[in-house]
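Structure, as structure tokens:
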Amino acid sequence: MHAYDFRVIERKWQAYWADRQTFRTPDPGEPGFDAGRPKSYVLDMFPYPSGKGLHIGHPLGYIATDIVARYRRMRGFNVLHPMGFDAFGLPAEQFAVEHNVHPRITTERNIETMVGQLKLLGLSYDWDRAIQTTDPAYYRWTQWIFLQLYASWFDPAAGRARPVDDLTAELAAGRWHVAAGGALVLPGDPEGRPWADLDPAARRAAVDGQRLAYLAEVPVNWCPALGTVLANEEVTSEGRSERGNFPVYRRPLRQWMLRITAYAERLLADLDDVDWPEPVKLMQRNWIGRSTGAHVDFPVDGTDAVITVFTTRPDTLFGATYMVLSPEHPLVDRLTTPDRRAEVDAYRAAAAGRTEIERQAEAKVKTGAFTGAHAVNPASGERIPIWIADYVLMGYGTGAIMAVPGHDGRDFDFARAFGLPIVAVVRPDDAWLAEQAAVAGRPGGLGDYLAHIAEYPEPFTGAGVGVNSANAEVSLDGLATADAKRAITAWLAASGRGRAHVQYKLRDWLFSRQRYWGEPFPILHGPDGEIRPVDAADLPVTLPDMDDFQPEGSDDPDAPPRPPFGRAPEAWRRVTIDGRAYERELNTMPNWAGSCWYYLRFIDPHNADALVDPARERYWMAGHGVDLYVGGVEHAVLHLLYARFWHKVLYDLGHVSTPEPFGRLFNQGYIQAYAYTDRRGVYVPADEVEERDGAFFHAGEPVRREYGKMGKSLKNMVTPEDIVERYGCDTLRLYEMYLGPLDASKPWSTRDIVGVSRFLNRVWRAFVDEATGDLRVVDAPAGADLERALHRTIAKVTDDLDGLRFNTAIAALIELTNALTALDALPRPVAAPLCLMLAPLAPHLAEELWQRLGHAESIAYAPWPAYDPALLVEDAVEVVVQVLGKVRGRVVVPAGFDAAAVEAAVLADDRIRAHIAGRPVRKVVVVPGKLVNIVTG
RNA sequence: GGGGCGGUGGCGAAAUGGCAGACGCAGCGGACUUAAAAUCCGCUGGGGUGAUCCCCGUGUGGGUUCGAGUCCCACCCGCCCUACCA
340 MHAYDFRVIE RKWQAYWADR QTFRTPDPGE PGFDAGRPKS YVLDMFPYPS GKGLHIGHPL
400 GYIATDIVAR YRRMRGFNVL HPMGFDAFGL PAEQFAVEHN VHPRITTERN IETMVGQLKL
460 LGLSYDWDRA IQTTDPAYYR WTQWIFLQLY ASWFDPAAGR ARPVDDLTAE LAAGRWHVAA
520 GGALVLPGDP EGRPWADLDP AARRAAVDGQ RLAYLAEVPV NWCPALGTVL ANEEVTSEGR
580 SERGNFPVYR RPLRQWMLRI TAYAERLLAD LDDVDWPEPV KLMQRNWIGR STGAHVDFPV
640 DGTDAVITVF TTRPDTLFGA TYMVLSPEHP LVDRLTTPDR RAEVDAYRAA AAGRTEIERQ
700 AEAKVKTGAF TGAHAVNPAS GERIPIWIAD YVLMGYGTGA IMAVPGHDGR DFDFARAFGL
760 PIVAVVRPDD AWLAEQAAVA GRPGGLGDYL AHIAEYPEPF TGAGVGVNSA NAEVSLDGLA
820 TADAKRAITA WLAASGRGRA HVQYKLRDWL FSRQRYWGEP FPILHGPDGE IRPVDAADLP
880 VTLPDMDDFQ PEGSDDPDAP PRPPFGRAPE AWRRVTIDGR AYERELNTMP NWAGSCWYYL
940 RFIDPHNADA LVDPARERYW MAGHGVDLYV GGVEHAVLHL LYARFWHKVL YDLGHVSTPE
1000 PFGRLFNQGY IQAYAYTDRR GVYVPADEVE ERDGAFFHAG EPVRREYGKM GKSLKNMVTP
1060 EDIVERYGCD TLRLYEMYLG PLDASKPWST RDIVGVSRFL NRVWRAFVDE ATGDLRVVDA
1120 PAGADLERAL HRTIAKVTDD LDGLRFNTAI AALIELTNAL TALDALPRPV AAPLCLMLAP
1180 LAPHLAEELW QRLGHAESIA YAPWPAYDPA LLVEDAVEVV VQVLGKVRGR VVVPAGFDAA
1240 AVEAAVLADD RIRAHIAGRP VRKVVVVPGK LVNIVTG
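Using our numbering, the first residue of the first sequence is number 340, and each one after it goes up by one.
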């Protein structure tokens, strides 16, 4: 027998590639490097080495990038296609705690399993470049980048990061003054004080306050059950931890922060320069959340305190009838009058004790408390009450608002709940007025609206025309909202009562975690609060050896954080330098840190002197950085935003050559699967379920079908090993790609695999006589039709692979192969291109057939077949003929016929004439080579 | 509440505004076989019809166009993101 034996073939070629190092990629300057070729960096989002192993859905993107990498090698590119592991993180730590094994051991074991599974798929990674974020040789550079962040500040004038030493020099030279809050201001600013007037502590605070990595006492998401704080992005909208779904509480803690907000504008603007899916760009834009408006200062009546608010609607300032502070606002204590003290304190305590989920549930009902204090509306001069309410968040803007109940839904609800005055300062359009009046059962008209705004069901929040908005110096009456905004902002600025402001939703990145299994900070704490970065030469700061690395979880929301490093050996914790005793930073970095820059390390993974060699970085990142980055949408915001931020800092400091890391991003869809539950609601093994007449049965009992993720718990998991064993890896690769478009989610169906399996068998039989094992290939030209079909296929497959449309590329190859089955022998001019086109998709089979065609070298670097455009044009074309848009016949005309000739030929056709049925022909639309539409009267 | 993506045969899916359903699965019929598997050939959206041909058909209702699965408007359904962001 000489049938297609995928087991033998796949084992043979995987061994061949490994032995010959077929996919080892030489770098610039190395032997074998060809500078004459263009480069292509094809990257997967590297995985977390989970203990559960891969199921059939995980490698979807890896197969796709492998096809692209192989295709581009054949197109003459130098291709960088690496793989590694994002191995720090909570699951490994939790598993380690449960099973009392060191996370390093479980991590190593998981990686080994995963590498084995990946190698089974015949992926053409350069495995010499494999990296693990947990390797001290790797996280040494993660720590090094942190030191760069610590030693840098964001120069607002230059719009980029610069070394902190430059800042000190500029302060000393008087270029900047320092305002009360530590902000840098220009020398003319009345708030600023010159460097010379500052004492050493103030100077240090001023500089530390500008660093891109800084310590701050901030309200954080404290998760007692996990024993750690979490980033906003790790907390669900229900106010629970994304991992484990435990309650999360807000409380102030001193933590490391990264100043990503300094880059908000550039992170937003540079999205225009990358080729990414529009939804991902949109998610990032929303996350950054830029809004323009103004800061407005409200003096507090009877004190010298000023409450500054941010508003996007300064044009409604005359309608601000009260103010609201967040319950956590620092001025609340000072403002509250003695008679309101008890109520305010009770409200604040209740707000602090509520979890996010509870606040969420009560969001529809407005609650609050009056402080007893009043502010003065700077435009109207009115005395307005100051309230606190938890609908105002401390984390956004200034933590205080001016409430304009006439033109804001939340303020409107609040004002109605507490009987606060509502006035109209924007005139709505007539349609809105009429509609709302009808709903309210009011007579309608502008006069009624202005007099009885509180009786209307909802406030007008759109753009209109100003009314009731004038004082002695400025009038917004009659101005359209956009003009009114400009006018009032100009007046605020001129009179010193406010200024234009751009506000971002993006917050600084909370960078501390109370965990063991993460990168230690390269930071030492001195006895007097001194912060001393570890000398770069002393990196890495390795993880301490510990037997008990368990985070201390608690049910008590008030329990203090106890990082595991607090129990590390003295010898690790205490460091003496020049006679001064330091204690190491006890927190670790979040597990996003390692994935922020791994794509750079792949370029130069073994470099002991730099995170990446500049010449290699310039070569592989040339153009727009990574040329194709494939991964799931779940990383749309966090990973991709953090990595862009780090990259921009490294760019500003001259360590990388491009402003953006990932020039092109593609999100692969998910492979989902059916799962089945029996009468008790228990999952039954999906592969034992039978379908009969549209219903589903397990062991004779009816079961209910669900659709969702693949996994052990749903008993619907299919592993790559299962499929490779039964059908071979080439079939698996082909099937995953044939399932549908790469970016779509689609259901797995093991039953359908036979289709592509049959296809590969047909390819085999086209090349090899199964009875004799002889090659069926002959050195004879292909017939004209077959030649034409071949060239059409090459054109189609080339175009489809360029566009990542693997499903239709495979369909085209199936069609071509189906045309070969009737042939007695396979002409070599068809056999070779078919083999080449198959090589990226089903590389093992292609290698085997290529070798049998007589080639001594691997097909991996053989040139991609070209097509002859002349052969894509038919001699004669069949033109569809429509009468009044309905297909009524077909006419074959020579390809060269012009519109008039086609029209004449069509109108001469008897059957078409019959359909025209003597009616006058009003118009004839001719689409050359395609279609004719006859419009009759 | 706001935003995004999608809805095409029994199933997965194709289709630069130009023959809807390529290709595959499943199904039906046939060839080969003692038989089965494998393989090969044919049919396969629905309805009517002797052939032939006709009518209907891309979630629903409108619109633009000689012509709409594709573009526009409104609505229904599903999935995803986001959510008191001032």
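A virtual CB, placed ideally from N, CA and C, is assigned to each residue, including glycine.
Residues that residue i bridges to, as DSSP identifies them
{"i": "GLU1029", "result": "PHE1036"}
{"i": "ILE723", "result": "ALA714"}
{"i": "ASN1272", "result": "GLN1221 and VAL1264"}
{"i": "GLU922", "result": "HIS864 and ARG913"}
{"i": "GLN775", "result": "Its beta-bridge partners do not exist; DSSP assigns none."}
Residue interval of the beta strand (DSSP E) (run including residue i)
{"i": "THR915", "result": "913-916"}
{"i": "ASN625", "result": "Looking at the DSSP string, ASN625 is not in any beta strand (DSSP E); the run it does join, the alpha helix (DSSP H), is 617-627."}
{"i": "SER491", "result": "491-494"}
{"i": "ILE862", "result": "862-864"}
{"i": "PRO502", "result": "499-502"}
{"i": "GLY837", "result": "837-843"}
{"i": "VAL639", "result": "Neither: VAL639 is in no beta strand (DSSP E) and is coded neither H nor E."}
{"i": "ALA469", "result": "Taken as a continuous stretch (DSSP letters only), ALA469 belongs to no beta strand (DSSP E), as it is neither H nor E."}
{"i": "ILE1010", "result": "1010-1016"}
Which of helix, strand or coil DSSP assigns to residue i
{"i": "ILE761", "result": "coil"}
{"i": "THR567", "result": "strand"}
{"i": "HIS1183", "result": "helix"}
{"i": "GLN433", "result": "helix"}
{"i": "GLN549", "result": "coil"}
{"i": "LYS703", "result": "coil"}
{"i": "ASN1146", "result": "helix"}
{"i": "LEU459", "result": "coil"}
{"i": "TRP595", "result": "strand"}
{"i": "TRP848", "result": "strand"}
{"i": "LEU1211", "result": "helix"}
{"i": "THR1058", "result": "coil"}
{"i": "MET1330", "result": "Absent from the model: residue 1330. The displayed extent of the chain is 340 to 1276, so no value can be given."}
Boundaries of the alpha helix (DSSP H) in which residue i is found, first to last residue
{"i": "PRO872", "result": "Not the alpha helix (DSSP H): PRO872 falls in the beta strand (DSSP E), residues 870-872."}
{"i": "VAL1095", "result": "1093-1106"}
{"i": "ALA354", "result": "345-359"}
{"i": "THR1132", "result": "1123-1141"}
{"i": "PHE1005", "result": "Segment 1004-1006 is the beta strand (DSSP E) holding PHE1005; no alpha helix (DSSP H) there."}
{"i": "ALA742", "result": "Where ALA742 is concerned, there is no enclosing alpha helix (DSSP H), although the beta strand (DSSP E) it sits in stretches over 739-742."}
{"i": "THR404", "result": "399-413"}
{"i": "GLU1077", "result": "Inspection of the sequence shows that residue 1077 is occupied by Tyr rather than by Glu. Element bounds for TYR1077: 1068-1077."}
Presumed contact (8 Å Cβ cut-off) between residue i and residue j, rounded CB distance
{"i": "GLY1224", "j": "ASN1146", "result": "Their Cβ separation, rounded to whole angstroms, is 31 Å, which puts GLY1224 and ASN1146 out of contact at 8 Å."}
{"i": "ARG468", "j": "PRO421", "result": "4 Å"}
{"i": "TRP561", "j": "LEU592", "result": "7 Å"}
{"i": "THR710", "j": "ILE723", "result": "Actually they do not touch by this definition, with Cβ atoms about 12 Å apart."}
Residue i classed as buried or exposed, judged by whether at least 16 other C-beta atoms fall within 10 angstroms
{"i": "LYS703", "result": "exposed"}
{"i": "THR881", "result": "exposed"}
{"i": "TYR478", "result": "buried"}
{"i": "ALA508", "result": "exposed"}
{"i": "LYS1135", "result": "buried"}
{"i": "ASN1055", "result": "buried"}
{"i": "ALA496", "result": "exposed"}
{"i": "ARG346", "result": "exposed"}
{"i": "ASP1091", "result": "exposed"}
{"i": "GLN360", "result": "exposed"}
{"i": "SER1197", "result": "buried"}
{"i": "PRO430", "result": "buried"}
{"i": "HIS945", "result": "exposed"}
{"i": "TYR1074", "result": "buried"}
{"i": "LYS705", "result": "buried"}
{"i": "LEU1211", "result": "exposed"}
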